[in-house]
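S.K.: Heads up: the sequence shown runs through residues 1 to 774, numbered per the UniProt record's numbering.
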Amino acid sequence: MMTAVKGDYVTITGPPPRILLVGTEQTAAAGVRARLEGAGYRVTGVAAPGALAVELVTDNRPDLVVIDVRPGRETDGVEAARVIRERLAIPVVYLTAPETLEAILGIEAVEPHQFLLKPVSDRELRLVVDATLFRHRVQEQHLRQKRLLAAVLEGTGDAVVATDREGRVTFLNSAAEALTRWTADDARGRAVADVVVVANEWDDRPVTSPLDRAMAEKHVVPLGEPAVLIARDQSPVPIDVLASPILDSDGDVLGGVLVLRDATSKRATAKALSNFAAIVASTQDAIIGHTMDGVVTSWNPAAERLYGYTAAEMIGRPIFVLATPEDEGEMRAMFARLSRGEVVPPYEKSRRRKDGSLVEVSVSISVVRDQDGRVTGFAAIVRDITQFRQLEEQYRHAQKMEAVGRLAGGIAHDFNNLLTVIGGYSNLLLEDLPHDNQYRPAIEEIREAGERATNLTRQLLAFSRKQVLQPAVLDLNDVVTQTGRMLQRLIGEDISISLILDPAAGCVKADPGQLEQVLMNLAVNARDAMPQGGRLTIETVAVETGRHGSSSPPGAPRGRCVRLAVTDNGSGMTDEVKNRIFEPFFTTKGIGKGTGLGLAMVFGFVTQSGGHICTSSTIGSGTTFTILLPVVDEMSSPPRPGDAHLTPRAQTGETILLVEDDGHVRSLVRDVLQMQGYVVIEAADGAEAVRAAEAHSGPIRLLVADVVMPEMRGQQLADVLRNRYPGLKVLYVSGYLDDGGHGSVVSGTENFLQKPFTPLGIAQKVRSVLDCPP
Numbered sequence: 001m002m003t004a005v006k007g008d009y010v011t012i013t014g015p016p017p018r019i020l021l022v023g024t025e026q027t028a029a030a031g032v033r034a035r036l037e038g039a040g041y042r043v044t045g046v047a048a049p050g051a052l053a054v055e056l057v058t059d060n061r062p063d064l065v066v067i068d069v070r071p072g073r074e075t076d077g078v079e080a081a082r083v084i085r086e087r088l089a090i091p092v093v094y095l096t097a098p099e100t101l102e103a104i105l106g107i108e109a110v111e112p113h114q115f116l117l118k119p120v121s122d123r124e125l126r127l128v129v130d131a132t133l134f135r136h137r138v139q140e141q142h143l144r145q146k147r148l149l150a151a152v153l154e155g156t157g158d159a160v161v162a163t164d165r166e167g168r169v170t171f172l173n174s175a176a177e178a179l180t181r182w183t184a185d186d187a188r189g190r191a192v193a194d195v196v197v198v199a200n201e202w203d204d205r206p207v208t209s210p211l212d213r214a215m216a217e218k219h220v221v222p223l224g225e226p227a228v229l230i231a232r233d234q235s236p237v238p239i240d241v242l243a244s245p246i247l248d249s250d251g252d253v254l255g256g257v258l259v260l261r262d263a264t265s266k267r268a269t270a271k272a273l274s275n276f277a278a279i280v281a282s283t284q285d286a287i288i289g290h291t292m293d294g295v296v297t298s299w300n301p302a303a304e305r306l307y308g309y310t311a312a313e314m315i316g317r318p319i320f321v322l323a324t325p326e327d328e329g330e331m332r333a334m335f336a337r338l339s340r341g342e343v344v345p346p347y348e349k350s351r352r353r354k355d356g357s358l359v360e361v362s363v364s365i366s367v368v369r370d371q372d373g374r375v376t377g378f379a380a381i382v383r384d385i386t387q388f389r390q391l392e393e394q395y396r397h398a399q400k401m402e403a404v405g406r407l408a409g410g411i412a413h414d415f416n417n418l419l420t421v422i423g424g425y426s427n428l429l430l431e432d433l434p435h436d437n438q439y440r441p442a443i444e445e446i447r448e449a450g451e452r453a454t455n456l457t458r459q460l461l462a463f464s465r466k467q468v469l470q471p472a473v474l475d476l477n478d479v480v481t482q483t484g485r486m487l488q489r490l491i492g493e494d495i496s497i498s499l500i501l502d503p504a505a506g507c508v509k510a511d512p513g514q515l516e517q518v519l520m521n522l523a524v525n526a527r528d529a530m531p532q533g534g535r536l537t538i539e540t541v542a543v544e545t546g547r548h549g550s551s552s553p554p555g556a557p558r559g560r561c562v563r564l565a566v567t568d569n570g571s572g573m574t575d576e577v578k579n580r581i582f583e584p585f586f587t588t589k590g591i592g593k594g595t596g597l598g599l600a601m602v603f604g605f606v607t608q609s610g611g612h613i614c615t616s617s618t619i620g621s622g623t624t625f626t627i628l629l630p631v632v633d634e635m636s637s638p639p640r641p642g643d644a645h646l647t648p649r650a651q652t653g654e655t656i657l658l659v660e661d662d663g664h665v666r667s668l669v670r671d672v673l674q675m676q677g678y679v680v681i682e683a684a685d686g687a688e689a690v691r692a693a694e695a696h697s698g699p700i701r702l703l704v705a706d707v708v709m710p711e712m713r714g715q716q717l718a719d720v721l722r723n724r725y726p727g728l729k730v731l732y733v734s735g736y737l738d739d740g741g742h743g744s745v746v747s748g749t750e751n752f753l754q755k756p757f758t759p760l761g762i763a764q765k766v767r768s769v770l771d772c773p774p
């Protein structure tokens, strides 16, 4: 149904409005009905005022109710109108006489309705009815819009606060009540600044609401700084704020609206993302994101350092620029496997840097999914393993050297016993043979071969770090200076020697003879690398390693050290040769020009002395051997005087307990000592020695014992026997020291004799120990 006014008449379109007539007199009601129907309305029924009228209206649901109010029945008509309006929201028109109007208006329950005063013309009846219907329709539409708006405002998750043009609160939705802790009734009519109190999130200073500006400028204004809402209970709530004016159809301001959004979750998410971004930016591993097609989407600073490309250079670029040509196809196949849901375990590969060099990396890659679980790309964590690979190679090399060292040490130990016997008996034979004996040259050859073999075993023991050292505190500069004088004769005049000595180099604790041998071996090695002559530089420098951020190679001593560097400008070495130079029997020299044990001996001595050795070399430029030795604070030891000539003869009644697990060596020593007049008690091991000592009734002046024996070591045996013979003197002999820590037994003591030894050597040493005061 639609109505329109045309001139003085109201035109009705659509279905005719349905009207219910309420009246007390049938005749009058029939007349009104006829006039309404004549005007084009449809009268659905006529009812008397009261419950019947309300019931009929409820059943019929007319568009309009016309109540014909008769004198004396005003209350009935007004009451019927009230019930119809309250229950059914249907408009009412009163049809009454002028004298009845005053009575109607005097009734307290009357509501504002349209009145028609009798007598009424058809034209007036039609205009009033149509106007009432039209107004009701407009009110219904407005009410629906209002309800819709209220539903929208209540349904939104944001807090909405409306004000009038003076800034007084007119509306709060439930979200605003919950956020501000104000009820709508308490807030209504208050200044919005009292209800919505906003402060800066970082410094708590008050923040001006953007509502005034929004109403003044007539457009939406956001709050341009991080803010918190101070709720009615003084609790702070992070919020985002948007202000908007309310304008009428002419653009005039009617009021304003503040939209407040709880930003607690948003700020927490932003902080978490910021923290995550900081972690990604600060990690030492490269973290790279890219699409399923390999287009880079993220590139952290560690990736920049690893590959040399900046984020600006790589984002949007294919990841395949990092792959070697042979690996690109493999990389694409791996992406396809990941896209199918397969798991790719971490792997190691070579990747290409911006400068074209290759870097060894470990890669762990996984898929990136969106909120629906679809694969959108991949994330890779990449670690530079170049140093790890180097350490791994060093470890493998150390293991190999350790294994070879154990083998070499074991061989040298057995050979020392054999050489002791060979050299010992050859010397005994030569003492008794005349100089013109036909067999003397052959025996001398045997002795000389034994001496050469002795040198080889000593080098093997030095490499295996099982040689018996007799360390002393040495001024390294003095050792270098004294050895340097001999080196010129050793390496020839076509090679110049330069000594660069740091006065602050300090003292080291090392075997002086072995240290001199190290310098000579390195000098000879340098001479062979400079067949046309050159320059040899020996330098000492005081350094401090492993402190205050200084770096040191793996296995190097930490703290105060002296660096001994031996440098030549010879032919240099390839990396392959450099990686093997410390292996025993490895040599690049021709047949008969070297045993391959010189540098192995250097390596073993330096390591056994608590130091570290490394080398650097460039083909055509030369080689540098760098040795680090720990500095000691003790004063250097004076040189030991040479042994005075002793007549190794026994005094009357001197008994020696000889304990040696090698039968041949034991027989040799027994024969030599007996030739010198000593009484010798033999034992093959510690247990046998204890039994032999207990069976002997007289005193025992000296124990000669091998350091390394099965079951009971030399020191343990000495401790047991001293309980019975408190003044017992001990001479230890050994060809090498095992890993049991027994070097401390003989280190720095005079009561030690190293195998292989000569008959004169054992005789002199025994006499020296026996004659030494207790």
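Backbone N, C-alpha and C fix where the C-beta goes; we use that ideal spot for every residue, glycine too. Here the structure is a predicted model, which means the values were calculated and not measured.
Tell me which residue opens and which closes the alpha helix (DSSP H) that valine 46 is part of.
M.R.: Taking the first residue of the sequence shown as 1, we reach residue 46 at position 46. Element bounds for valine 46: not the alpha helix (DSSP H) but the beta strand (DSSP E), 42-47.
S.K.: With burial defined as no fewer than 16 other Cβ atoms inside 10 Å of the residue's Cβ, what is the status of tyrosine 439: buried or exposed?
M.R.: Here residue 439 corresponds to residue number 439 of the sequence shown, with the count starting at 1. Flag for tyrosine 439 reads exposed.
S.K.: Within the same chain, show all residues whose beta-carbon is closer than 6 angstroms to that of alanine 453, passing over the 5 residues directly before and after it, in chain order.
M.R.: Counted from its first residue, the sequence shown places residue 453 at position 453. The answer, listed in chain order, is Leu419.
S.K.: Give every residue of the same chain whose Cβ lies closer than 6 angstroms to the Cβ of valine 54, excluding the five residues on either side of it in the sequence, and list them in chain order.
M.R.: Sequence index remark: in the sequence shown, residue 54 carries index 54 (1-based). Only Val83 meet the Cβ criterion.
S.K.: Please report the residue range of the beta strand (DSSP E) in which glutamine 114 lies.
M.R.: Counting from one through the sequence shown, the residue named residue 114 turns up at place 114. Residues 114-117.
S.K.: Going by C-alpha distance, which of Arg147, Ser734, Pro226, Val361 is nearest tryptophan 202?
M.R.: Counting from one through the sequence shown, the residue named residue 202 turns up at place 202. Closest option to tryptophan 202, Cα to Cα, is Pro226.
S.K.: First and last residue of the beta strand (DSSP E) that includes leucine 338?
M.R.: Position 338 of the sequence shown, counting from 1, holds the residue named residue 338. Taken as a continuous stretch (DSSP letters only), leucine 338 belongs to no beta strand (DSSP E), being part of the alpha helix (DSSP H) at 325-339.
S.K.: Just to confirm before moving on: does the CB-CB distance between serine 571 and alanine 542 stay below 8 angstroms?
M.R.: Here residue 571 corresponds to residue number 571 of the sequence shown, with the count starting at 1. Here residue 542 corresponds to residue number 542 of the sequence shown, with the count starting at 1. Against a cut-off of 8 angstroms, the Cβ pair of alanine 542 and serine 571 comes out as no contact.
S.K.: Tell me which same chain residues have a C-beta within less than 7 angstroms of the C-beta of alanine 718, skipping the five on either side of it?
M.R.: Walking along the sequence shown from the start, residue 718 turns up at place 718. Result list for alanine 718: Leu703, Ala705, Val730, in chain order.
S.K.: Return the chain-ordered ranges of every beta strand (DSSP E) run that is complete within the stretch 188-256 and spans a minimum of 3 residues.
M.R.: Listed in chain order, they are 197-200, 227-230, 236-247.
S.K.: To which residues does DSSP link aspartate 262 through a beta bridge?
M.R.: By 1-based counting over the sequence shown, the position of residue 262 is 262. The partner list for aspartate 262 (beta bridge, DSSP) reads Ile239.
S.K.: Three-state secondary structure (DSSP) at serine 498?
M.R.: Here residue 498 refers to the residue found at position 498 of the sequence shown. In the structure shown, serine 498 sits in a strand (DSSP, three-state: E or B).
S.K.: I'd like the span of the beta strand (DSSP E) that includes proline 630, first residue to last.
M.R.: Taking the sequence shown and counting its residues from 1, the one referred to as residue 630 is at position 630. First-last of the beta strand (DSSP E) with proline 630: 622-630.
S.K.: Going straight from the alpha carbon of aspartate 568 to that of proline 726, what length do you get?
M.R.: By one-based count along the sequence shown, residue 568 stands at place 568. By one-based count along the sequence shown, residue 726 stands at place 726. In a straight line, the C-alpha of aspartate 568 is about 57 angstroms away from that of proline 726.
S.K.: Between which two residues does the beta strand (DSSP E) carrying arginine 369 extend?
M.R.: Residue numbering aside, residue 369 sits at position 369 when the sequence shown is read from its first letter. Start and end: 358-369.
S.K.: Does DSSP put glutamate 544 in a helix, in a strand, or in coil?
M.R.: Residue mapping note: residue 544 aligns to position 544 of the sequence shown, counting from 1. Glutamate 544: strand per DSSP, three-state reduction.
S.K.: Count the other C-beta atoms from every protein chain shown that fall within 10 angstroms of the C-beta of threonine 279, then say buried if there are 16 or more, exposed otherwise.
M.R.: The residue given as residue 279 occupies position 279 in the sequence shown. The residue asked about is misnamed: residue 279 is isoleucine in this sequence, not threonine. Isoleucine 279 should be labelled exposed.
S.K.: Measure the alpha-carbon distance for threonine 607 versus alanine 505 and round it to whole angstroms.
M.R.: As a working note, residue 607 is residue 607 in the sequence shown. As a working note, residue 505 is residue 505 in the sequence shown. Computed Cα separation, rounded: 19 angstroms.
S.K.: What does a CB cutoff of less than 7 angstroms around residue 789 pick up in its chain, not counting 5 residues either side in sequence?
M.R.: Since the first residue shown for the chain is 1 and the last is 774, residue 789 is missing from the structure and cannot be characterised.
S.K.: According to DSSP, what are the bridge partners of aspartate 568?
M.R.: Locating residue 568 in the sequence shown gives position 568, counting from the first residue. Bridge partners of aspartate 568: Leu536, Thr623.
S.K.: What did DSSP end up calling glutamate 711 once you bin it into helix, strand or coil?
M.R.: The sequence position of residue 711 within the sequence shown is 711, counting from 1. It is coil, neither helix nor strand.
S.K.: Is it buried or exposed for asparagine 437, if we count other Cβ within 10 angstroms and need 16 for buried?
M.R.: For the purposes of this step, residue 437 is identified with residue 437 of the sequence shown, where counting begins at 1. Per the 10 Å Cβ criterion, exposed.
S.K.: With C-beta atoms as the reference, is threonine 132 less than 8 angstroms away from leucine 117?
M.R.: Translated into the one-based positions of the sequence shown, residue 132 becomes position 132. Translated into the one-based positions of the sequence shown, residue 117 becomes position 117. Not a contact, by the Cβ cut-off of 8 angstroms.
S.K.: Output needed for asparagine 521: all residues of its chain with C-beta closer than 8 angstroms, excluding positions within five of it in sequence on either side, in chain order.
M.R.: Translated into the one-based positions of the sequence shown, residue 521 becomes position 521. So the qualifying residues of the chain are Gly598, Leu599, Met601, Val602.
S.K.: Are the CB atoms of leucine 668 and glycine 424 within a distance shorter than 8 angstroms?
M.R.: Residue 424 sits at position 424 when you count from the first residue of the sequence shown. Residue 668 sits at position 668 when you count from the first residue of the sequence shown. Closer than 8 angstroms, so yes.
S.K.: Assuming contact is defined by CB atoms lying nearer than 8 angstroms, are glycine 287 and alanine 303 in contact in what I supplied?
M.R.: As a first step, residue 287 must be located in the sequence shown, where it is residue number 287. As a first step, residue 303 must be located in the sequence shown, where it is residue number 303. Note that residue 287 is isoleucine in the sequence shown, not glycine. Going by C-beta atoms, isoleucine 287 is nearer than 8 angstroms to alanine 303.
S.K.: Using a Cβ-Cβ cutoff of less than 7 angstroms, which residues in the same chain neighbour arginine 383 once the five nearest sequence positions on both sides are dropped?
M.R.: The residue labelled residue 383 in the question sits at position 383 within the sequence shown. For arginine 383, where only same-chain residues beyond five positions count, the Cβ hits under 7 angstroms are Asp285, Val361, Ser362.
S.K.: Taking DSSP as the reference, what is the three-state secondary structure of lysine 271?
M.R.: Indexing the sequence shown from 1 puts residue 271 at position 271. If DSSP states are grouped into helix, strand and coil, lysine 271 belongs with the helices.
S.K.: Please classify aspartate 252 as buried or exposed, where buried requires at least 16 other C-beta atoms within 10 Å of its C-beta.
M.R.: Against the sequence shown, residue 252 aligns to sequence position 252. Per the 10 Å Cβ criterion, exposed.
S.K.: Determine, using beta carbons only, whether leucine 536 and leucine 629 come nearer to each other than 8 angstroms.
M.R.: Within the sequence shown, numbered from 1, the residue matching residue 536 stands at position 536. Within the sequence shown, numbered from 1, the residue matching residue 629 stands at position 629. Cβ atoms of leucine 536 and leucine 629: not closer than 8 angstroms.
S.K.: Glutamine 754 by DSSP, collapsed to three states: which one?
M.R.: The residue labelled residue 754 in the question sits at position 754 within the sequence shown. Looking at glutamine 754 - three-state DSSP - the assignment turns out to be strand.
S.K.: For a quick check, are the C-beta atoms of alanine 263 and isoleucine 239 less than 8 angstroms apart?
M.R.: Counting from one through the sequence shown, the residue named residue 263 turns up at place 263. Counting from one through the sequence shown, the residue named residue 239 turns up at place 239. Yes. Within cutoff.
S.K.: Taking three-plus beta-carbon pairs below 8 angstroms as touching, is the stretch 307-321 in contact with the stretch 340-360?
M.R.: Segments in contact, yes.
S.K.: Along the chain, where does the beta strand (DSSP E) containing arginine 383 start, and where does it finish?
M.R.: For this step, residue 383 is matched to residue 383 along the sequence shown. From DSSP, the beta strand (DSSP E) with arginine 383 extends over 375-384.
S.K.: Taking buried to mean at least 16 other C-beta atoms within 10 Å of its own C-beta, is threonine 623 buried or exposed?
M.R.: For the purposes of this step, residue 623 is taken as the residue at position 623 of the sequence shown. Buried: at least 16 other Cβ atoms inside 10 Å.
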